[in-house]
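See structure below.
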Amino acid sequence: MNTEHVIVAFVTWFVLCFFVALNGGYLLLNLFSLRALHRRGQEQFLGDLPRAYSGLEPPVSILVPAYNEEATIAASIRSMLQLSYAEFEIVIINDGSKDKTLEVLQREFALLPFPEAYRRTIPTKEVRQIYRSTRYPNVRVIDKVNGGKADSLNAGINASRYPLFCGVDADSILQRDSLAKVTEPFLRDPTMVATGGTVRVANGCEVSGGFLTKVGLPRSPLALFQVVEYLRAFLFGRLGWSALNGMLIISGAFGIFKKDAVVLAGGYRPNTIGEDMELVVRMHRTLREKGQPYRIEFVPDPVCWTEAPEDMATLKNQRVRWQRGLAESLNANWGLMFSRNGGVAGWVAFPFMLFFEWLGPVIELGGYIFMVFAFLTGAISWEAFGAFLFVALGLGILLSASGLLLEEMSFHLYPRGKQLLMLGLIVILENFGYRQLNTWWRLVGLWRWLRQKEATWGAMKRKGIGEEGAGVPPRGP
Amino acid sequence: MTLATQSDTFIAAALWTGFAALLLTLLLGLQIIGMRLMLRRRQRSDARALARWRPLLNAAIVGEMPDSLPPLRRAERLPFLRLWAHLQGSLRGEANEALNEVARRLGIDAYARGLLVRGNRPARLLSALVLGHLHDREAWPALLRMAEQPDNTVALTALWALVRVDPPAAADYMVPLFIAREEWALSLAAGILQQATEPAAAALTRLLPQLGEDKLPRALRIAEALHLALPGAVLGAALRSPSMPVVIAGLRGVRTPETLPEVRALLAHADWQVRVQAARALGRVGERADAERLVQLLGDREWWVRYRAAEALLELPALSRADLDVLRASLTDRFAADMLSQAMAESANK
Chain F
1 MNTEHVIVAF VTWFVLCFFV ALNGGYLLLN LFSLRALHRR GQEQFLGDLP
51 RAYSGLEPPV SILVPAYNEE ATIAASIRSM LQLSYAEFEI VIINDGSKDK
101 TLEVLQREFA LLPFPEAYRR TIPTKEVRQI YRSTRYPNVR VIDKVNGGKA
151 DSLNAGINAS RYPLFCGVDA DSILQRDSLA KVTEPFLRDP TMVATGGTVR
201 VANGCEVSGG FLTKVGLPRS PLALFQVVEY LRAFLFGRLG WSALNGMLII
251 SGAFGIFKKD AVVLAGGYRP NTIGEDMELV VRMHRTLREK GQPYRIEFVP
301 DPVCWTEAPE DMATLKNQRV RWQRGLAESL NANWGLMFSR NGGVAGWVAF
351 PFMLFFEWLG PVIELGGYIF MVFAFLTGAI SWEAFGAFLF VALGLGILLS
401 ASGLLLEEMS FHLYPRGKQL LMLGLIVILE NFGYRQLNTW WRLVGLWRWL
451 RQKEATWGAM KRKGIGEEGA GVPPRGP
Chain X
478 MTLATQSDTF IAAALWTGFA ALLLTLLLGL QIIGMRLMLR RRQRSDARAL
528 ARWRPLLNAA IVGEMPDSLP PLRRAERLPF LRLWAHLQGS LRGEANEALN
578 EVARRLGIDA YARGLLVRGN RPARLLSALV LGHLHDREAW PALLRMAEQP
628 DNTVALTALW ALVRVDPPAA ADYMVPLFIA REEWALSLAA GILQQATEPA
678 AAALTRLLPQ LGEDKLPRAL RIAEALHLAL PGAVLGAALR SPSMPVVIAG
728 LRGVRTPETL PEVRALLAHA DWQVRVQAAR ALGRVGERAD AERLVQLLGD
778 REWWVRYRAA EALLELPALS RADLDVLRAS LTDRFAADML SQAMAESANK
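If you're matching them up, the sequences are chains F and X in order.
Residue numbers are given in our numbering: position 263 of the first sequence equals residue 263, and the series is strictly consecutive.
Just add 477 to the spot in the second sequence (first one is 1) and you have our numbering.
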């Protein structure tokens, strides 16, 4: 057997093993999610009982970074004011918007300058002025020099009054009980430092008064693919890792953090794209280095809805940014990997992310290209090529189907038979092109990260859902 | 030949993996369809049960107790219990008693006791909830066993029920348990003990002098969460403790002026977290004469100390808005003046 044959044999086996290991890893996470959702189902009626506030719920500061959000900011804040929770404040951070975001806020919430003794626990760009609403005592606005989303969140942390803070995207559509649901783990476990909830695709849904009133499926195939993708990413990606206390990401669209733990880790890292993930990875690293017991948990309940991109260019831009964010987050926290006290986060989750999510696109796409090339040059038979495609697509479909199963056994938000049928179809179809396209975009993201292009606020083409639109999309799958 | 063998093995491995994935996908598909059909059937059955029982329970709630009740069919039991527990959680007073009477007449108490022992996890959780609402003394031993289980949800639901069945006995049992089980959040413990505040206060007062410095902070925090006014001697001892966590927990519990001298002494403590809590305590129990002490703290190097001192100044009795304006104008330290301005603006906007 000559060298060429050895290489071909090695690569074909390597690619096959990679696909099996990648999907096998996710299926294993799926099992943990199944167990978690089963237990959640057993306790669901307890959560559904009428909720009486005991006065012992930890108050929460909701931080809303805003950059050029004049069109939606007032409606978003009004809907946040209607959240069902015992005590919370809303701190909007106007990050040097170039449009009339500040003027809209001043007009809609009757803002007046507030003589705040601003505390710089975490360094940020200059704060120009702090305002307070004369209509809603729990609404404040920080007007600051532009410094990016992470810098805005840090300014919000500095100004926040309460021990927990909730980072929310200005365009997120929240469930009325979202705060209550996602703070629940903090009531249960004193070592809890961060929690995140499920983000769902809002395209095709009806929105009224800033809240979701009817769940539906989008018509756009791209958005439909993302519905299944979000199910997969949240219901077993995050829930599975959460069960192992190895969750490395909480979506920037909606996450609750213990302020002390975040300040201890140094706050959000400015000039990053994936500031949400980077913070969580750094919190794991810091708390493990200090030997402090902690938990980071995922709440599977849908708490936040977001508009998914419906055109290729925006979707590509989003995925490129996510991949860059992932690369930044892992690259900035190598110290966690295989560290002495690294636990599941350092010994399993970080290497998994590194190999399958960070480097994955290179191997995955390289694998597809190699197999096509090897087939065309006759290095492998058509049977081998067909078998490879069969296993790659089969495992992908299995993975998506398991996401749908988790949805059906937990929330069944799509009640109509037609909707279930449509999702079933998408589970199959997304494996023929959409996932491969995503892999390509992730590869582009990796390339751009290597070139170290500067991070900026993300922009998204809005179509609008019901009465409101979107803006910077959350980190999803 | 070797290459051909390798290729054959590769094809076989890939095909078997692919077929396994395909088979599993088909099974998942069938499972999803099966679950959807079962859900539909259960929803229809629940709707029928609720349509029959909701009017009867509503009538009982408004004081129109039916003379005779239809038998509760087997399939109706769980949806009925869920509806009943939901109504119990939404209502207060006589309505709760009316619901209890309906449940007893239907034999729900005996049924729930059976479930508590023989049921699966969700059934045991539901039955503990029901027996708690029913104040069912016969369930006490079984609930006690359930409270000792390692499953936190099961244990805490049982404790919730116990405190409703017999508040004094439950408080005696739970207070030492909540002090010991540090993995249970204080808010959970206090939320359950809120149903038995007086017996819990008595149990805590008895226990506090016997506790070591490792357990004392948690016990004091439970007292604070329950808004209990602890005896001055107990609190004074805590405030004089060499342990920082004990002092901080003690300061958080100060509700009466009995320990004012100890609180004042702690304003100059080296640890800023102690100074924060001392300022807050002084705001609750201080006198007009304490204003000068708090003004000193307005110049503290720690932001939180300055903030709490400013808030405390606003809470002090007999200090008018005009007094505070004069005080602010007299401050030469810019940080102190800024902080007082902020606290005054916040207070005006509340």
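We put the CB at the ideal spot given by N, CA and C, even for glycine.
Please read these numbers as outputs of a predicted model, since none were measured by experiment.
With contacts defined by Cβ atoms closer than 8 Å, residue 685 of chain X and residue 696 of chain X form a contacting pair.
Taken atom to atom, the span from the alpha-carbon of residue 134 of chain F to that of residue 732 of chain X is near 32 Å. In summary, no residue of the stretch 198 to 216 of chain F has a CB separated from any CB of chain X by less than 8 Å. Contact residues of the stretch 493 to 507 of chain X toward chain F are 494, 495, 498, 499, 501, 502, 505, 506 (C-beta to C-beta distance below 7 Å). When DSSP reads this structure, residue 328 of chain F sits in no beta bridge, so it has no partner. Counting only Cβ-Cβ distances below 7 Å, residue 56 of chain F has contacts in chain X at 664, 667, 668, 702, in chain order. Nearest Cα to residue 264 of chain F within the set F:217, F:157, F:58: F:157. When F:285, F:402, F:66 are compared, the shortest CA-CA separation from residue 98 of chain F is found for F:66. Comparing C-alpha distances from residue 43 of chain F to each of X:626, X:611, X:606 shows the shortest one belongs to X:606. C-alpha of residue 795 of chain X to C-alpha of residue 721 of chain X: approximately 32 Å in a straight line. Of X:772, X:536, X:519, X:780, the smallest CA-CA separation from residue 803 of chain X is found for X:772. At a cut-off of 8 Å, the C-beta of residue 398 of chain F has a neighbouring C-beta in chain X.
Residue environment for residue 291 of chain F: exposed (fewer than 16 other C-beta atoms within 10 angstroms of its C-beta). For residue 490 of chain X, the nearest beta carbon of chain F is closer than 8 Å to its own beta carbon. Comparing alpha carbon positions, the residue from F:418, F:168, F:392 closest to residue 363 of chain F is F:392. Identification of residues in the stretch 397 to 429 of chain F having a C-beta nearer than 8 Å to some C-beta of chain X yields 397, 398, 401, 402, 404, 405, 408, 409, 412, 417, 420, 424, given in sequence order. For the stretch 751 to 779 of chain X, the set of positions with a beta-carbon nearer than 9 Å to some beta-carbon of chain F is empty.
For the 8 Å CB-CB criterion, residue 170 of chain F and residue 506 of chain X do not form a contact. At a cut-off of 8 Å between beta carbons, residue 822 of chain X contacts chain F.
As computed with DSSP, residue 721 of chain X is found in no beta bridge at all. With a threshold of 16 other beta carbon atoms within 10 Å, residue 62 of chain F meets it and is buried. With a cutoff of 8 Å on beta-carbon distance, residue 145 of chain F and residue 92 of chain F are scored as not near each other. Scanning chain X for C-beta atoms nearer than 8 Å to the C-beta of residue 391 of chain F yields 491, 492, 494, 495, 498, reported in chain order. In chain order, 604 place their CB closer than 7 Å to the CB of residue 596 of chain X, counting only its own chain and leaving out the 5 sequence neighbours on each side. Among the residues of the stretch 123 to 137 of chain F, those with a Cβ less than 9 Å away from any Cβ of chain X are 132, 133, 134, 137, in the order of the chain.
Taking C-beta atoms as the reference points, residue 88 of chain F and residue 60 of chain F count as a pair closer than 8 Å. Taking a Cβ-Cβ cut-off of 8 Å, residue 291 of chain F has no neighbours in chain X, whose nearest Cβ is about 17 Å from it. Rounded to whole angstroms, the gap between the alpha carbons of residue 500 of chain X and residue 22 of chain F is 19 Å.
The Cβ atoms of residue 273 of chain F and residue 183 of chain F lie no closer than 8 Å to each other. DSSP places residue 539 of chain X outside both helix and strand once states are collapsed to three, so it counts as coil. Residues of chain X whose Cβ lies closer than 7 Å to the Cβ of residue 364 of chain F do not exist, since the nearest Cβ in that chain is about 16 Å away. Note that the C-beta distance between residue 398 of chain F and residue 502 of chain X is below 8 Å. In this structure, DSSP gives residue 291 of chain F a state outside helix and strand, which the three-state scheme calls coil.
In the structure shown, residue 247 of chain F adopts coil according to DSSP, grouped into three states. The criterion of a C-beta distance shorter than 8 Å is satisfied by residue 522 of chain X and residue 552 of chain X.
In the DSSP assignment, the residues bridged to residue 208 of chain F are F:211.
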